[in-house]
Amino acid sequence: MRASQDELIRGGAPRRGGRRRVFAAAVLAAAMALTGCTSGGGGDGDKSSSWQGGGESGPKAAATITEPAADAKDVPASTAVTFTTKEAQETTVELKDSAGKVVEGQLAKDGKSWLPDGALAYGETYTATVTATGDDGKPATATSTFTTMAKPGKQIRVSSFLGDNQVVGVAMPLIVKFGRAIPEDYRDDLQRRMTVTAKPAQEGIWHWVSPTEVHYRPKAFWKANSTVTYKVQAGGLPLGDGWYGRSDLTVDIKTGPSFVMTVDNRTKKMTVTKDGKVIKTILVSLGKKSTPSSSGTMVVIEKLRHTVFDTMEELGPEEGYRTEIDYAQRLTWGGEFIHAAPWSEGVQGRSNVSHGCVNVSMKDGNWLFANTRMGDPITVKGTERKLQNGNGWTDWNMSWDEYVKGSAVPYEPPAAPGDDTSPGADEPSVEPTP
Numbered sequence: 001m002r003a004s005q006d007e008l009i010r011g012g013a014p015r016r017g018g019r020r021r022v023f024a025a026a027v028l029a030a031a032m033a034l035t036g037c038t039s040g041g042g043g044d045g046d047k048s049s050s051w052q053g054g055g056e057s058g059p060k061a062a063a064t065i066t067e068p069a070a071d072a073k074d075v076p077a078s079t080a081v082t083f084t085t086k087e088a089q090e091t092t093v094e095l096k097d098s099a100g101k102v103v104e105g106q107l108a109k110d111g112k113s114w115l116p117d118g119a120l121a122y123g124e125t126y127t128a129t130v131t132a133t134g135d136d137g138k139p140a141t142a143t144s145t146f147t148t149m150a151k152p153g154k155q156i157r158v159s160s161f162l163g164d165n166q167v168v169g170v171a172m173p174l175i176v177k178f179g180r181a182i183p184e185d186y187r188d189d190l191q192r193r194m195t196v197t198a199k200p201a202q203e204g205i206w207h208w209v210s211p212t213e214v215h216y217r218p219k220a221f222w223k224a225n226s227t228v229t230y231k232v233q234a235g236g237l238p239l240g241d242g243w244y245g246r247s248d249l250t251v252d253i254k255t256g257p258s259f260v261m262t263v264d265n266r267t268k269k270m271t272v273t274k275d276g277k278v279i280k281t282i283l284v285s286l287g288k289k290s291t292p293s294s295s296g297t298m299v300v301i302e303k304l305r306h307t308v309f310d311t312m313e314e315l316g317p318e319e320g321y322r323t324e325i326d327y328a329q330r331l332t333w334g335g336e337f338i339h340a341a342p343w344s345e346g347v348q349g350r351s352n353v354s355h356g357c358v359n360v361s362m363k364d365g366n367w368l369f370a371n372t373r374m375g376d377p378i379t380v381k382g383t384e385r386k387l388q389n390g391n392g393w394t395d396w397n398m399s400w401d402e403y404v405k406g407s408a409v410p411y412e413p414p415a416a417p418g419d420d421t422s423p424g425a426d427e428p429s430v431e432p433t434p
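In terms of the UniProt record's numbering, the sequence shown is residues 1 to 434.
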């Protein structure tokens, strides 16, 4: 699955290709100014520690904020607080705005960084406080006060294909789009700010379909009746060439029952399973030899109760046609559908006569239309043509090993069962990108 939560926020590690990290920080100076304690402890010059010692020794723990540096200006609103600690048994981070209001956020599991729950306000001053407590019970603190940049003029829109509270099929990919191409060497930073939380827990990964679109799918189909939340923290995030993410995005969806269709060209039949049990077998007619149906795993993209197929402009008056169609369910951008075809009912189950679509009877078309939803999968087997990736939502037409290659962040398998870092049996999975 994706990288562990502790990799969600990267600190001072260099970007691929040598591009500088977003924040310029004089680490040595910051360490000197912000270290939470000194070995001598308790002196008048030690302003960053919350411990005051008298004659006692100083705290064993120490903390240093590395980014944002003290008094930094023009800090991106997407900033994380990164820090180092020493001899710390417990670490807490607090961020307040200039009015003293606490900003909510999450500490990474590795204890090295902290990310606000949303983008910070533009042109605002914040104070970060990191408190490290050692086994002696004495806290050491480090603080950094910084000011975020003014609102940038060049912002990239972030949008989700799905909306809140939609119920989708178990093969529905999560689809996030950007209003401008994201340069390749910025995608890893962005992907680390994209998290998926599923209940029950399910392994999955993000896959860049294009520079403006990224999909997410689990390793296997979504479990039936799952709840899924995905979040994109792009607000204020530098995305190359002076462009920044316009806003954060959070979407909550659910999956319905597992409704899976499988078509075998050899038998000319569709087998329908619901939650693992065969509930119906349907006779079909697929594409004739000159216009074969595609073999592969597709997903219902849209449903049209009544429409018109018009290929006159594409194919010309001799080959083209204009036909009214009922119970149409789109599978590819190229025009393959499941649909009712009363004109082929006499040969359904026996021969292929369509222009590439999955023909069914009016009765079966009506039944399918009433029972499917967007995101339900259909696999067609044994035809003369293979499905081309990108011709529809073809996320499931790739093996898992192929799919992970589209991630901007290296894939890491999930923690083994029983590992302390893995979600409990009754806990939702928090799925940061790999």
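Where is the CB? At the ideal position from N, CA and C, for every residue including glycine.
Task: Whole-angstrom distance between A415 and S422, CA atom to CA atom - done: Within the sequence shown, the letter at position 422 stands for residue 422. Within the sequence shown, the letter at position 415 stands for residue 415. Bear in mind that the predicted position of S422 carries a pLDDT of just 34, short of 50, making it too unreliable to give a figure here.
TODO: Following the continuous beta strand (DSSP E) through F178, name the residue where it begins and the one where it ends.
DONE: Looking up residue 178 in the sequence shown gives position 178. Note, F178: beta strand (DSSP E), 174-178.
Task: 7 Å Cβ cutoff met for G382 and N265 - done: Working through the sequence shown from its first residue, we reach residue 382 at position 382. Working through the sequence shown from its first residue, we reach residue 265 at position 265. The answer is yes: Cβ separation under 7 Å.
Open item on the list: For D97 and R193, what's the separation of their Cα atoms in angstroms?
Closed with: Stepping through the sequence shown from its first residue, residue 97 is reached at position 97. Stepping through the sequence shown from its first residue, residue 193 is reached at position 193. About 22 Å.
Task: Inside the segment 78-166 only - beta strand (DSSP E) runs reaching at least 3 residues - done: Runs found: 81-86, 90-97, 105-107, 113-116, 125-133, 139-147, 158-160.
- [ ] Would you tell me roughly how many angstroms separate the C-alpha atoms of T82 and T66, rounded to the nearest one?
- [x] Mapped onto the sequence shown, residue 82 falls at position 82. Mapped onto the sequence shown, residue 66 falls at position 66. So the two alpha carbons sit approximately 6 Å from each other.
TODO: Check the DSSP bridge columns for Y244 and list the partner residues they point to.
DONE: For the purposes of this step, residue 244 is identified with residue 244 of the sequence shown, where counting begins at 1. Answer is Q155, P238, bridged to Y244.
- [ ] Using the Cα positions of K303 and D189, report the straight-line distance between them to the nearest angstrom.
- [x] For the purposes of this step, residue 303 is taken as residue 303 along the sequence shown, with counting starting at 1. For the purposes of this step, residue 189 is taken as residue 189 along the sequence shown, with counting starting at 1. Using only the alpha carbons, I get a separation of about 36 Å.
TODO: Rounded to whole angstroms, what's the CA-CA distance from G392 to Q202? Just pull it up for me.
DONE: Your numbering for residue 392 matches position 392 in the sequence shown. Your numbering for residue 202 matches position 202 in the sequence shown. G392 and Q202: Cα-Cα distance of roughly 24 Å.
Open item on the list: Buried or exposed for D376, going by 16 or more other Cβ atoms inside 10 Å?
Closed with: Your numbering for residue 376 matches position 376 in the sequence shown. Buried, by the Cβ-count rule.
Open item on the list: Using a Cβ distance threshold of 8 Å, determine whether the segment 95-109 contacts the segment 152-159, with at least three qualifying pairs required.
Closed with: no
TODO: Quick one: measure Cβ to Cβ for G296 and N397, integer angstroms, because I've assumed they're closer than 8 Å.
DONE: Counting from 1 along the sequence shown, the entry for residue 296 is found at position 296. Counting from 1 along the sequence shown, the entry for residue 397 is found at position 397. Confirmed, about 4 Å.
Open item on the list: If the criterion is Cβ atoms closer than 7 Å, does the pair T125 and T147 meet it?
Closed with: Along the sequence shown, read from residue 1 onward, the residue named residue 125 stands at position 125. Along the sequence shown, read from residue 1 onward, the residue named residue 147 stands at position 147. Their beta carbons are under 7 Å apart, which means T125 touches T147 by this criterion.
- [ ] Report the rounded CA-to-CA distance for P342 versus G256, giving the unit in angstroms.
- [x] As a working note, residue 342 is residue 342 in the sequence shown. As a working note, residue 256 is residue 256 in the sequence shown. About 30 Å.
Open item on the list: Our contact map puts L286 next to Y327 with C-beta atoms below 8 Å; I'd like the distance itself, whole angstroms only.
Closed with: Counting from one through the sequence shown, the residue named residue 286 turns up at place 286. Counting from one through the sequence shown, the residue named residue 327 turns up at place 327. Between Y327 and L286 the Cβ distance is about 17 Å, and since that is not below 8 Å, they are no contact.
- [ ] Drop a sphere of 10 angstroms on the beta-carbon of E431, count the other beta-carbons inside from all chains shown, and report buried for 16 or more, exposed for fewer.
- [x] Residue mapping note: residue 431 aligns to position 431 of the sequence shown, counting from 1. Annotation note: pLDDT 44 at E431 (below 50); position unreliable, no value reported.
Open item on the list: Along the chain, where does the alpha helix (DSSP H) containing R217 start, and where does it finish?
Closed with: On the sequence shown, position 217 is the one that residue 217 refers to. First-last for R217: 213-218, but that is the beta strand (DSSP E), not the alpha helix (DSSP H).
Task: Whole-Å CB distance - K151 paired with Y186, under 8 Å assumed - done: Residue mapping note: residue 151 aligns to position 151 of the sequence shown, counting from 1. Residue mapping note: residue 186 aligns to position 186 of the sequence shown, counting from 1. Contact doesn't hold; Cβ gap of about 20 Å is too wide.
Task: Span of the alpha helix (DSSP H), counted from its first residue to its last, around L387 - done: Mapped onto the sequence shown, residue 387 falls at position 387. First-last for L387: undefined, no H or E at that position.
Task: First through last residue of the alpha helix (DSSP H) which encompasses D364 - done: Looking up residue 364 in the sequence shown gives position 364. For D364, the uninterrupted alpha helix (DSSP H) segment begins and ends at 362-371.
TODO: For G41, count neighbouring C-beta atoms within 10 Å of its own C-beta (all shown protein chains included) and say buried if the count is 16 or more, exposed if not.
DONE: Taking the sequence shown and counting its residues from 1, the one referred to as residue 41 is at position 41. With a pLDDT of only 36 at G41, under the threshold of 50, the placement of this residue in the model should not be trusted; the figure read from the coordinates follows. Buried.
Task: Buried versus exposed call for S78 [16 or more other C-beta atoms within 10 Å across all chains shown] - done: The residue you call residue 78 lines up with position 78 of the sequence shown. So S78 counts as buried.
TODO: Identify whether G412 lies in helix, strand or coil by the three-state DSSP scheme.
DONE: Indexing the sequence shown from 1 puts residue 412 at position 412. Correcting the residue identity first, residue 412 is Glu in this sequence and not Gly. Coil at E412, not helix or strand.
- [ ] If I'm right that G118 touches D248 with Cβ under 8 Å, what's the distance once you round it to whole angstroms?
- [x] Taking the sequence shown and counting its residues from 1, one reaches residue 118 at position 118. Taking the sequence shown and counting its residues from 1, one reaches residue 248 at position 248. About 5 Å separates the two Cβ atoms, so the contact holds.
Task: the segment 275-291 / the segment 342-352 touching (three or more Cβ pairs under 8 Å) - done: yes
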